[in-house]
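To start, the structure under review is shown below, and the notes come after it.
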Amino acid sequence: MRTKLHAHLEEKIKGDIWENEIRSRLARPLSASTFCSRNEQLRHPLSAALFVTTTPVENQDTLSQVSNSLATPEVHQPPRTPVVPRFPYSVEAHTSANCIRRCRLKACFRIALKARARILAIAIRVLRRRGIPLLIRGFRRRRRAAIRIQRRYRRFLRWRGEFLRPFVCKNVAVWVHQALTQAASRILIARAMTTLYQSRKARQAMAARRARHLRRWVAKTRVSLFVHQIWTVCWFHSKRSCNVAGMKQELALFEESDRNVQLEYTVVFATPLGKDVLTRELAVWRVGARTTTTQNESPTTSESDVDPVILRLRQCFRIFDLDGSGTLDLDEFQLMLSYLRGKKQKRPGRGSVIEKRSASESPKLTSAQVRNLFSELDQDGNGSITCTEFESWWTDEHERSTVSTSASTNFLSRGLDSLVLQSHGLLFWLMGRKQQLERKFVKKLVVRRAIEKAKREILHREIHRERAANVLLSVFRCDTCGRRFGLKRDLADHVAYECNSTEWVVDTFTLKRWVHEEEFRLLEGVRE
1 MRTKLHAHLE EKIKGDIWEN EIRSRLARPL SASTFCSRNE QLRHPLSAAL
51 FVTTTPVENQ DTLSQVSNSL ATPEVHQPPR TPVVPRFPYS VEAHTSANCI
101 RRCRLKACFR IALKARARIL AIAIRVLRRR GIPLLIRGFR RRRRAAIRIQ
151 RRYRRFLRWR GEFLRPFVCK NVAVWVHQAL TQAASRILIA RAMTTLYQSR
201 KARQAMAARR ARHLRRWVAK TRVSLFVHQI WTVCWFHSKR SCNVAGMKQE
251 LALFEESDRN VQLEYTVVFA TPLGKDVLTR ELAVWRVGAR TTTTQNESPT
301 TSESDVDPVI LRLRQCFRIF DLDGSGTLDL DEFQLMLSYL RGKKQKRPGR
351 GSVIEKRSAS ESPKLTSAQV RNLFSELDQD GNGSITCTEF ESWWTDEHER
401 STVSTSASTN FLSRGLDSLV LQSHGLLFWL MGRKQQLERK FVKKLVVRRA
451 IEKAKREILH REIHRERAAN VLLSVFRCDT CGRRFGLKRD LADHVAYECN
501 STEWVVDTFT LKRWVHEEEF RLLEGVRE
């Protein structure tokens, strides 16, 4: 065993220090305490005596000194063997062992350092080969996505600014008008259904009351012919009075519709869209007016022998003949009267105060006065005034010895006199203002068309409602003009003698005249 251990250590660590150490007694137990620190071995109570290094000579001197001091007789003692320490200490062996330990620790540290360096190199290689490209790719993807989003959003902003906003600004008034029309139609439908239900209930209650009344009368007495005639007259009167109430209600609906449409178009014409619509309508109307003027243009005759006053009167007629048809219709005639009245108000007499109204100033003409004056000038009754009729009326008015008692006739006569006989400059000024007159006339035509369309829709709804409730609502209407009657005999008389219209009449003035006629018929029935 010793030989093998010696050979092994000699092979591993070759040197004199280890040879001496192995040959010593220390090598036999190979205890771990052999290579402990020297100071710790000396301080330990169990191992301190084993390391005492005393010689035999020193022991003998010590013993002799002790015996002399004690004065004891000398006793022959046997010689003692020298005390040899059991575990001799070698500094070189401990130093070598520390070197070996440090070398081993350094080798382990170097191995661990190499392993960590290898791991770090692998991590750097992986980061360089895979991590950084992935980061770059992700950054590029994010940048690409941001570019796409910005491109879509900027495209949307460009579309909203270039297409959507002009389109909406151009059509928002039309949309609002359509929405208001739909809402109004729904409200009117709901109101009509409510009115229909309430009127039906009222008629049923009235019919039940009348039936009870008739049954009571039949139970009391036999109804004579005279009583029957009285009841018939009363029934006719009630039917006609109900018809008058319905006509008044219809007239109120028409007047409300006129006000609403007038207000709506006043607001629309104040907007840029309304001005554009008016400009387009004016352009279309002017094209039609030029075509009509070209067709109705007669060969020019020599007017040298005509009175200058008549020439100025014809010139005034041509100014207000805006459509070039050679005739004045009711709208052009009303425009002429309103223009004459406006110009007369703006020219106060000499020496008069502007705030005070002159005594000779005529009041505003009513619709009835304007229509009566128009029918007075329209001698042939075709609904328009020709230049010949205009001249003949003016000549007759000047040749009349007495002044007319009609306010409308005096107003037109004085207005034409001031325009033809006195204000020649005003006549030329009117010729220069013809475009303004045309614009005003076209605006009036547009509003009138809208008013008539709205009133025809109301009339159509009323007729549809009456036909739906024909069982309980005895209302008769003329198929040509749309006039309402409470009795079928009145409708037959109207169709046979009075009706000469070709379309539904929605003129408010005509409806008022019809209401007055029905009221007069009621009064005549009471007198009879």
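Going by full-length UniProt numbering, the first residue of the sequence shown is number 1, and it counts up by one from there.
Ideal placement from N, C-alpha and C gives every residue a C-beta, glycine not left out.
Evaluate residue i with the Cβ neighbour count: other Cβ atoms within 10 Å of its Cβ, from every protein chain shown; 16 or more gives buried, anything less gives exposed.
i: ASP380; result: exposed
i: GLY161; result: exposed
i: GLU462; result: buried
i: ARG140; result: exposed
i: LEU337; result: buried
i: TRP159; result: exposed
i: GLY288; result: exposed
i: CYS481; result: buried
i: SER408; result: buried
i: PHE411; result: buried
i: CYS99; result: exposed
i: GLY486; result: buried
i: VAL244; result: buried
i: GLU518; result: buried
i: ARG449; result: exposed
i: TRP175; result: exposed
i: VAL370; result: buried
i: ASP396; result: exposed
i: residue 531; result: Because the chain here runs from 1 to 528, residue 531 falls outside it and cannot be looked at.
i: ARG217; result: Looking at the sequence provided, one finds Trp at residue 217 rather than Arg. Flag for TRP217 reads exposed.
i: ASP493; result: exposed
i: PHE167; result: exposed
i: PHE317; result: buried
Can you check DSSP and say which residues form a bridge with residue i?
i: ILE385; result: LEU328
i: PHE441; result: None; PHE441 has no bridge partner.
i: LEU477; result: With the sequence shown as reference, residue 477 is identified as Arg, and Leu is not the correct amino acid for it. Looking at the DSSP assignment, ARG477 forms a beta bridge with ARG484.
What did DSSP end up calling residue i once you bin it into helix, strand or coil?
i: SER501; result: coil
i: ASP490; result: helix
i: ARG400; result: coil
i: ALA32; result: Confidence at ALA32 is low in this model, with a pLDDT of 42, below 50, so the placement of that residue is unreliable and no value is reported for it.
i: VAL506; result: coil
i: THR366; result: coil
i: THR271; result: coil
i: LEU322; result: coil
i: ALA93; result: helix
i: ALA205; result: helix
i: ALA117; result: helix
i: ASP378; result: coil
i: ALA469; result: coil
i: ARG513; result: helix
i: ASP307; result: coil
i: LEU523; result: helix
i: THR232; result: helix
Between which residues of its own chain and residue i is the CB-CB distance below 7 Å, once the five residues before and five after are set aside?
i: LYS512; result: LEU251
i: TRP514; result: MET247, ARG483
i: SER501; result: THR480, CYS481
Within its chain, find whatever has a CB closer than 8 Å to the CB of residue i; leave out the 5 residues flanking it on each side and keep chain order.
i: GLN262; result: VAL447, ILE451
i: ARG286; result: GLU438
i: GLU255; result: THR508
i: ARG477; result: ILE463, GLU466, ARG483, ARG484, PHE485, LEU491
i: VAL495; result: CYS478, THR480
Tell me which same chain residues have a C-beta within less than 6 Å of the C-beta of residue i, skipping the five on either side of it?
i: PHE333; result: PHE374
i: GLN150; result: none
i: ALA454; result: SER257, VAL261
i: ARG240; result: GLY486, LEU522
The ligand FAD heavy atoms versus the CB of residue i: any closer than 8 Å?
i: GLY383; result: With respect to small molecules bound, the structure shown includes none, and the ligand FAD cannot be examined in it.
Inset, instruction - Decide yes or no for the touch test of the segment 325-343 against the segment 372-390: beta carbon pairs closer than 8 Å, at least 3 of them. - result: Because the criterion of three Cβ pairs below 8 Å is met, the segment 325-343 and the segment 372-390 touch.
Legend entry - the segment 270-279 in contact with the segment 166-173 per 3-pair CB rule at 8 Å: These segments touch.
Legend entry - Inter-stretch contact at 8 Å, needing at least 3 Cβ pairs: the segment 497-508 / the segment 231-241: They do not touch, by the three-pair rule.
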